[in-house]
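Participant:
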Amino acid sequence: ENTKSDYVSFSNFADTEDRKMTRLCGHPAKEKQEIWSDGPFFRVTFKSNDIYDSTGFKAFYQFTGIED
1 ENTKSDYVSF SNFADTEDRK MTRLCGHPAK EKQEIWSDGP FFRVTFKSND IYDSTGFKAF
61 YQFTGIED
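Right, dumping it as structure tokens:
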């Protein structure tokens, strides 16, 4: 989503390419959102500016094992 406000973006790395996943910004989620990486690498990027002031983002993460 294009935005001038703060955002959090997600990507994961596969072989030699950093794959962009999704971007969340400025609108409270109506329900909990889960974002998964399908590999051992996961990048979370927080971008902030001074255009709008708000309370920020809240996130939780969990490492899981690989299922056989």
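In full-length UniProt numbering, the protein residues as written are 1 to 68.
Yeah, the Cβ is synthetic: ideal placement off N, Cα and C, and Gly gets one too.
Looking at the secondary structure, which residues open and close the beta strand (DSSP E) in which Thr55 lies?
Facilitator: As a first step, residue 55 must be located in the sequence shown, where it is residue number 55. No beta strand (DSSP E) contains Thr55, which DSSP labels as neither H nor E.
Participant: Select from Cys25, Arg43, Lys30 the residue whose C-alpha is nearest the C-alpha of residue 70.
Facilitator: Residue 70 lies beyond the range of the chain shown here (1 to 68); nothing can be said about it.
Participant: Could you pull the DSSP bridge partners for Tyr7 from this structure?
Facilitator: As a position in the sequence shown, residue 7 is number 7, starting the count at 1. According to DSSP, Tyr7 bridges with Cys25, Lys47.
Participant: Report yes or no: is there a C-beta of chain C within less than 9 Å of the C-beta of Thr22?
Facilitator: Of the chains in the structure shown, none is chain C; there is only one protein chain.
Participant: Return the CA-CA distance between Ile51 and Ser5, expressed in angstroms with no decimal places.
Facilitator: Taking the sequence shown and counting its residues from 1, the one referred to as residue 51 is at position 51. Taking the sequence shown and counting its residues from 1, the one referred to as residue 5 is at position 5. Looking at the two C-alpha atoms, the distance is approximately 6 Å.
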